[in-house]
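Counting with my numbering, you get residues 411 to 814 for the letters of the sequence shown. No residue lacks a Cβ here, since even glycine has one placed at the ideal position from N, Cα and C.
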Amino acid sequence: MTSKNLLVFLVSAFVLAALCASSVSAFGSITGVEIDGLEVLGSSIDLANFAGQTVPIRVIFNANGDAEDVRVKAWISGESDNIYTSRRIDVLNGRTYTETVLLDMPSSLDELDEDRKLNVMVESRQDGTADWETIEFTVQRESYTMEILSVDMNSEVKAGEALTIDVVVKNRGRQLAEDTFVTVSVPELGLESKAYYGDLSAQDESHPDRDDAVEKRAYLKVPSDTTAGLYTVLIEAFNDDSIVRTEKRVYVTGAEDDTQVVFSQTSKTFAAGAEATYTVTIVNKGNEIRVFDLSVDAPAGLNVDVSDPIVVVPAGSSRTVTLDATASKEDVYAFTASVYSDSELVASKTMTASVEGKDNASIGGNSTVLLTVVLAIIFIVLLVVLIVLLTRKPETSEESESYY
């Protein structure tokens, strides 16, 4: 009974193996694999590739039968998430086909060099796998190369404030990365910060100054007059042997977002010769002291005096400026008051001055002066008359003699 069971098991195993073999070679077999132009299938060559390199994998395939939607797959063991496939083709019995896929070598290696396995498969949607080959090869680091591992920064910054950027740089090469520098810049604004990262070893060492990765912080002070918008931040790590770059984007909110300008009553009516006062209140909502310039564009005939053309407003406070308008002629005048900071317009407002009639006080004052002048003239005339009368000699009368 035991012998019979053993016989049944052996027959089943043989049939299963035959079916599997039949399935594997159902419509063809791989006869050659070339990596970067070098034949490696069945070869004793221990091919070396560099980390991060993209290499062409050429697969030669003989068809033993007709099949549809046939394609080549290639991947590296341990990295099955990165499977590279060729186009789909139909194959005919007795024909030889070649397909090429581009394969990316692993970019980050823990060791200076590592052994890997390349898997190559030919399959069809209907017939499954036709053939499968595995080729061993070596991946090694480039002699001199670096990687910017991370850039940590806010996506938004206010004009007038500093943008903080944390940059981590790692040596991905086999050799020491000597005298490494990192620059962080915003070319559109002419901003740049440079930091010395020192010597980066190929691998972490016990020496405290020999790390394979270094993190440092950079600061970029954004000018307060920067126009609101999206800007490119360029990060560059370099030394005499290699250079690597990456970019980030940051949105700058304009300085006007931190400033509020309040114009008081913008239209006033007053008499010619009188004075009307307008007020402008500037509120600094930012966290830095700011300087503002006030200017007035007034037409001929209207005079507007600014109490404080230059105003210094501390952070979180406000200042009020007065505009005193006068005109000697009756008319409707329009004038514009503008507030600037760092030569950039913050706010502007057009105001109206309606001047009508004469100033009653002015008229009364003029009448008083005129009356005083008239009285003075009369007084002078009377005084002159009095003086003349007083200085005039009396006339002597001649009495006639009588003769008796």
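When the five nearest sequence neighbours on each side are left out, the beta carbons in the same chain lying within less than 7 Å of the beta carbon of Asp752 are those of Ser634 and Asp635, in order along the chain. Look at Asp514 here: in three-state DSSP terms it is strand.
In this structure, Thr441 and Ile467 do not form a Cβ contact; the two beta carbons are roughly 15 Å apart against a cut-off of 8 Å. If you draw a straight line from the Cα of Lys695 to the Cα of Ala682, it comes to about 39 Å. Between Tyr629 and Val660 a beta carbon distance of about 13 Å is seen, past the 8 Å cut, so the two are scored as non-contacting. The secondary-structure analysis by DSSP pairs Gly583 with nothing; it has no beta-bridge partner. Leu513 has its alpha-carbon roughly 53 Å from the corresponding atom of Asn697. Around the Cβ of Tyr606, a 10 Å sphere holds fewer than 16 other Cβ atoms; the residue is exposed. Taking a contact to require three or more Cβ pairs closer than 8 Å, the region 512-531 and the region 545-558 qualify as touching. Pairing Ala638 with Ser611 gives a Cβ-Cβ distance that is not under 9 Å. Taking C-beta separations shorter than 6 Å and ignoring five residues to either side along the sequence, the partners of Leu559 in its chain run Val578 and Lys580, following chain order.
Taking a cut-off of 8 Å on C-beta distances, the region 585-599 touches the region 644-653, as three or more cross pairs fall below it. Remark: C-beta atoms of Val722 and Leu704 do not approach each other more closely than 9 Å. At the C-beta level, Thr669 and Val567 stay beyond 9 Å of one another.
Counting the other Cβ atoms within 10 Å of the Cβ of Glu657 gives fewer than 16, which makes it exposed.
In this model, Ala484 and Asn503 are separated by some 23 Å (Cα to Cα). When DSSP states are grouped into helix, strand and coil, Phe745 belongs to the strand group. DSSP, read as helix, strand or coil, puts Phe789 in helix. Every beta strand (DSSP E) stretch that sits fully inside the region 624-687 and reaches 3 residues is listed by chain position as 639-648, 653-663, 669-673 and 677-682.
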